[in-house]
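Under my numbering, the first residue of the sequence shown is numbered 1, with each subsequent residue one higher. Think of the CB as a built atom: it goes at the ideal place given N, C-alpha and C, for glycine as much as any other residue. Keep in mind that this is a model prediction, so the values were computed, not measured. To start, the structure itself, in C-alpha cells.
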Amino acid sequence: MNPGLFGGQMITVHGCGSTLQDNARPHTTRVAQDFLRHFQTLPWLARSPNLSPVEHVLDQLKRQMTSCHSVHDLELAVQDLWAHLPQDNIRCLINSMPDRVAACIVAGGGPTRY
Numbered sequence: 001m002n003p004g005l006f007g008g009q010m011i012t013v014h015g016c017g018s019t020l021q022d023n024a025r026p027h028t029t030r031v032a033q034d035f036l037r038h039f040q041t042l043p044w045l046a047r048s049p050n051l052s053p054v055e056h057v058l059d060q061l062k063r064q065m066t067s068c069h070s071v072h073d074l075e076l077a078v079q080d081l082w083a084h085l086p087q088d089n090i091r092c093l094i095n096s097m098p099d100r101v102a103a104c105i106v107a108g109g110g111p112t113r114y
C-alpha cells in the first residue's frame with residue numbers, strides 16, 4: 001500500500017501487518033473499515049484497558065485545560081500545557097509499561113488499577 005491520506009492524517013504502510021481495532025466510533029466508519037480490510041485485525045476484548053501512555057498524557061492535559069473562547073486561545077493553551085508537561089510524568093508512564101502489561105495479563109484483559 002502506498003502512503004495515503006486517511007482520516008486527516010498521513011499514514012505510511014509498509015507491507016502486510018496486523019493491527020488492533022478498538023471499535024471506537026471513528027474507527028467503525030465505512031472509510032476506516034475499507035482501509036482496515038487490508039490488514040489482519042487482531043481481536044480486542046470488551047472492556048479492555050487502554051495501555052497506551054499517550055492516553056494518560058492526554059487525560060492529564062485535559063484535566064489542566066481551562067476553558068477557551070476561541071480556537072486561537074485553545075491552541076495557545078494546549079501549546080503552553082504541552083511545553084510545561086513534566087517529563088518525569090511521561091518517563092514514569094513509560095517505565096510502568098511492564099507492570100501495566102503484567103497487570104492486564106493477570107486480570108485476563110479486564111480492568112486494572114492503571
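Buried or exposed: residue i, going by 16 or more other Cβ atoms within 10 Å of its Cβ?
i, result
"ARG100", "buried"
Which of helix, strand or coil does DSSP assign to residue i?
i, result
"THR28", "helix"
"PHE6", "With a pLDDT of 36 at PHE6, under the threshold of 50, the modelled position of that residue is not reliable, and no figure is offered here."
If I follow the unbroken alpha helix (DSSP H) through residue i, where does it start and stop?
i, result
"ASN95", "87 to 95"
"ALA107", "Premise fails: ALA107 is in no alpha helix (DSSP H) and is neither H nor E."
"HIS72", "71 to 83"
"LEU58", "53 to 64"
Just to confirm before moving on: does the CB-CB distance between residue i and residue j stay below 8 Å?
i, j, result
"GLN64", "LEU76", "no"
"LEU58", "CYS104", "no"
"LEU93", "HIS56", "yes"
"ASN95", "GLN60", "no"
Is residue i near the ligand PLP, in the sense that its beta carbon is under 7 Å from a heavy atom of that ligand?
i, result
"ASP99", "The model depicted lacks the ligand PLP and carries no ligand whatsoever."
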